[in-house]
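Chemist: Below: one structure in structure tokens.
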Amino acid sequence: MFQKRETYSQILLGVVLLILPFITSPDISSGWALLKIEPFQHSFLRYLLLIVFMYANYNFIIPKFYIKKRWIWLFVILVISYVFISQIPSLILGSPGTPPNFNGEMPPIRSSDMAPINSRPNMPMPRGEMPNRGMNFFSNDGFIFQFLIVFILTLVMRLNSHLREVRSEKLLAEVSYLKAQINPHFLFNTLNNLYALALKKSDQTPDAILKLSGMMRYVVTESNQEKVALKKEINYIEDYIALQKLRLSNSNIFTFNVSGNINREQIAPLILINFIENAFKYGVSSHQESQITIAIHVEDGTLTMQVKNTICRKPKESAISTGEGIANSKKRLEMIYPNAYSLNIQEDSDVFNVILKINVA
């Protein structure tokens, strides 16, 4: 979106520069004959060169010299560009108003050609050759100001674009860092579950290993993407839940429901799993009845997920938690879905309830 906006801004500035010689010409009422007037031809060619300079400045001069702080080279290139643009029209078209084959010498004046001063008619100056004693911004005298304004405008646009690129790279680095924190947390919990199954020599161990393999493949191949299919993300959650259910006892009541159209939408990878991990971490107990309810619903481009679990009180020595998982998810939501999500977390003495809504349209 930002790249399109920058492109449109450049096109708009180019169009403005293209029409300026028409609307500022004193001969604008001449119609198509304006194209044959020498001062206009000089002005039009100069503006065309100014448009070329604008694009060169945006795409080459500023990135290579201004952003890299090569000030001397920047100054030299700007001076050369100004001299080139201001002088080329005269070199190609000649000086405006100069007669053809003029050798610089005035022709002799014969007395018969002279007329009394008071008898000479008040002849108007030729159109397009009115002398300009002042500094008109859009005249040749004011071209340096036009040149500087084009440079400043393209500089502002390019620096804004560069700033967004830097912010985007920083955001990507932060998101990657948060993912790196999330993935080991998941891996350690799952390996502990597989270890418990292996000790029991359970027949479910091979299937659990296959599910873990699929989950790790998803983490490796999909988590680096900006967005993934919502269906894949839910499949990942289903495999995670299947592994967690292997360790649930009869005192643990679990409900998982998915509804709505999940086949067309996309979502940031691994954005939901931490809330579900948190429910299994603090909502499962082997010595008391507990309940976990997970519901995901998609409607009109909005994903709503509710995760509700009983809070199981554990001995102090095993209740070590930094809250890193949910904190990381909050940061990722804020960075990836600013102003496009709502997160409501409620906690009382016995129940922890999370309601997350994301605009995934």
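Sequence positions in the sequence shown follow the working numbering and run 2 to 362. No residue lacks a Cβ here, since even glycine has one placed at the ideal position from N, Cα and C.
Leaving out the 5 sequence neighbours to the left and right, which residues in its chain are closer than 6 Å to I337 when beta-carbon positions are compared?
Modeler: The residue you call residue 337 lines up with position 336 of the sequence shown. Excluding residues within five positions, the ones whose Cβ falls inside 6 Å are A269.
Chemist: Report the option in F255, I272, N194 and N193 whose CA atom is closest to the CA atom of N225.
Modeler: Residue 225 sits at position 224 when you count from the first residue of the sequence shown. Selected option, being the one with the closest Cα: I272.
Chemist: On a Cα-Cα basis, can you pick out the residue from L231, N194 and S291 that is closest to A243?
Modeler: Residue numbering aside, residue 243 sits at position 242 when the sequence shown is read from its first letter. It is N194.
Chemist: Taking Y48 and L18 to be in contact with their CB atoms under 8 Å, please state how far apart those CB atoms are, rounded to whole angstroms.
Modeler: The residue you call residue 48 lines up with position 47 of the sequence shown. The residue you call residue 18 lines up with position 17 of the sequence shown. About 5 Å separates the two Cβ atoms, so the contact holds.
Chemist: Can you tell me whether DSSP reads G302 as helix, strand or coil?
Modeler: As a working mapping, residue 302 is identified with position 301 in the sequence shown. In this structure, G302 counts as coil in the three-state DSSP scheme.
Chemist: Give me, in chain order, the residues of the same chain whose beta-carbon lies closer than 7 Å to that of N58; leave out the 5 immediate sequence neighbours on both sides.
Modeler: What you label residue 58 is simply residue 57 of the sequence shown in a count that begins at 1. Closer than 7 Å at the Cβ level, and outside the excluded window around N58, lie F152 and T155.
Chemist: Short of 6 Å in beta carbon distance, which residues of its chain neighbour V355, apart from the five on each side in sequence? Order them along the chain.
Modeler: The residue labelled residue 355 in the question sits at position 354 within the sequence shown. Once the five neighbours on either side are set aside, the close Cβ partners of V355 are F276, V308 and I346.
Chemist: Report the option in A209, G95, I68 and E335 whose CA atom is closest to the CA atom of V157.
Modeler: Here residue 157 is taken as the residue at index 156 of the sequence shown, counted from 1. Selected option, being the one with the closest Cα: I68.
Chemist: Here's the rule: buried if 16 or more other CB atoms are within 10 angstroms of the residue's CB, otherwise exposed. What is Y241?
Modeler: To locate residue 241, count along the sequence shown from 1; it is residue 240. Buried is the call here.
Chemist: Tell me the start and end of each unbroken alpha helix (DSSP H) in the segment 36 to 86 that is at least 4 residues and wholly inside, in chain order.
Modeler: 39 to 57, all fully within the segment 36 to 86.
Chemist: Candidates S286, E223 and Q267: which alpha carbon is nearest N251's?
Modeler: What you label residue 251 is simply residue 250 of the sequence shown in a count that begins at 1. Nearest C-alpha to N251: S286.
Chemist: I'd like the list of long-range same chain contacts for V229, defined as Cβ closer than 6 Å, with 5 residues on each side in sequence excluded.
Modeler: Taking the first residue of the sequence shown as position 1, residue 229 is located at position 228. Taken in chain order, the residues that qualify are E223 and P270.
Chemist: Is the beta carbon of I86 less than 8 Å from the beta carbon of F41?
Modeler: Mapped onto the sequence shown, residue 86 falls at position 85. Mapped onto the sequence shown, residue 41 falls at position 40. For I86 and F41, no; Cβs fall outside 8 Å.
Chemist: Mapping the DSSP letters down to three states, classify N137 as helix, strand or coil.
Modeler: In the sequence shown, residue 137 corresponds to position 136, counting from 1. Any reading at N137 must be qualified, since the residue scores a pLDDT of 41, below 50, and its modelled position is unreliable; no value is offered.
Chemist: Which residue comes first and which comes last in the beta strand (DSSP E) that contains T256?
Modeler: As a first step, residue 256 must be located in the sequence shown, where it is residue number 255. Note, T256: beta strand (DSSP E), N253 to G261.
Chemist: If you run the structure through DSSP and keep just helix, strand and coil, what is E348?
Modeler: Within the sequence shown, residue 348 is the residue found at index 347, counting from 1. Strand.
Chemist: According to DSSP, is Y338 part of a helix, a strand, or is it coil?
Modeler: Position 337 of the sequence shown holds residue 338. It is coil, neither helix nor strand.
Chemist: Does the beta-carbon of E239, which I'm using as the reference point, lie nearer than 7 Å to any heavy atom of the ligand COA?
Modeler: No copy of the ligand COA occurs in the structure displayed, which carries no ligand at all.
Chemist: At 3 residues or longer, and completely inside the segment 266 to 303: list those beta strand (DSSP E) runs for me, N to C.
Modeler: As far as the segment 266 to 303 is concerned, its whole beta strand (DSSP E) runs of at least 3 residues are 291 to 300.
Chemist: Per DSSP, which one or two residues make a beta bridge with I359?
Modeler: Looking up residue 359 in the sequence shown gives position 358. I359 is bridged to L304 and Y342.
Chemist: First and last residue of the alpha helix (DSSP H) that includes S224?
Modeler: Here residue 224 is taken as the residue at index 223 of the sequence shown, counted from 1. Here S224 belongs to no alpha helix (DSSP H), and DSSP marks it neither H nor E.
Chemist: Applying the criterion that 16 or more other CB atoms from any shown protein chain within 10 Å of the CB defines a buried residue, is I38 buried or exposed?
Modeler: By one-based count along the sequence shown, residue 38 stands at place 37. When all chains shown are included, I38 counts as buried.
Chemist: So, I63 versus R159, is the Cβ gap smaller than 8 Å?
Modeler: Working through the sequence shown from its first residue, we reach residue 63 at position 62. Working through the sequence shown from its first residue, we reach residue 159 at position 158. It is a contact, given that the beta carbons lie within the stated cut-off.
Chemist: Let me confirm a value: K212 is counted as buried when at least 16 other C-beta atoms fall within 10 Å, else exposed. Which label applies?
Modeler: Locating residue 212 in the sequence shown gives position 211, where the first residue counts as 1. Per the 10 Å Cβ criterion, buried.
Chemist: If distances are taken between C-alpha atoms only, which option among N253, L231, I238 and F146 comes closest to G261?
Modeler: Taking the sequence shown and counting its residues from 1, the one referred to as residue 261 is at position 260. Comparing Cα positions, the closest option is L231.
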